[in-house]
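Asker: In terms of UniProt numbering, the sequence shown is residues 1 to 117.
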Amino acid sequence: MAKKGGFPGGMPGNMNNLMKQAQKMQKQMEDSNKDLETKEFTATAGGGAVEVTVSGKKELTKVKLSPEVVDPEDIEMLEDLILAATNEALRKMEEATQSQMSKITGGLGGMGGGFPF
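#1: Just how far apart, CA to CA, sit L81 and G106?
#2: Nearest to T38 by alpha carbon, out of S55, A49, A22?
#3: Quickly, what does DSSP pair S55 with across the bridge? List them, please.
#4: Tell me which same chain residues have a C-beta within less than 7 Å of the C-beta of I104, skipping the five on either side of it?
#5: State the Cα-Cα distance for the pair T44 and V50, rounded to the nearest angstrom.
#6: Is the segment 56-67 touching the segment 83-93, taking contact as three or more C-beta pairs under 8 Å?
#7: Since L90 and K57 are thought to touch, with beta carbons under 8 Å apart, how far apart are those beta carbons, to the nearest angstrom?
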């Protein structure tokens, strides 16, 4: 017969602690996400000819072009530079998000990953 308040096989009453820790981690993740959403991430391409800024909400917020990069004869190059700068800014944002989540989860690989069960 199992002890009152525990589980057969030896998990006595620690379920409340586990739930409290999970709730605390969830709150930290929510706060961290709100904080990241207010940040901006900027990247450049073409030696600074194109500058792109994205928000932590994964929204493009700014594109800045140097006049010399705007060549009506070579629109394709400008498109490529904008894509490169945008992808780099998004990569920076994702990297910051992963770093922040890793601090909260203690390197568990995110929720659902790294658990032995």
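Glycine included, C-beta positions come from ideal geometry on N, C-alpha and C.
What you are looking at is a predicted structure, and each value in this text was computed from that prediction instead of being measured.
Answerer: Taking the coordinates as given:
#1: C-alpha separation (whole angstroms): 37 Å.
#2: That would be S55, whose Cα lies nearest to the Cα of T38.
#3: S55 pairs with E40.
#4: Taken in chain order, the residues that qualify are M25, Q28, M29, S32.
#5: Roughly 5 Å between the two C-alpha positions.
#6: Contact annotation: the segment 56-67 touches the segment 83-93, with at least three C-beta pairs closer than 8 Å.
#7: The Cβ separation is near 11 Å, so there is no contact.
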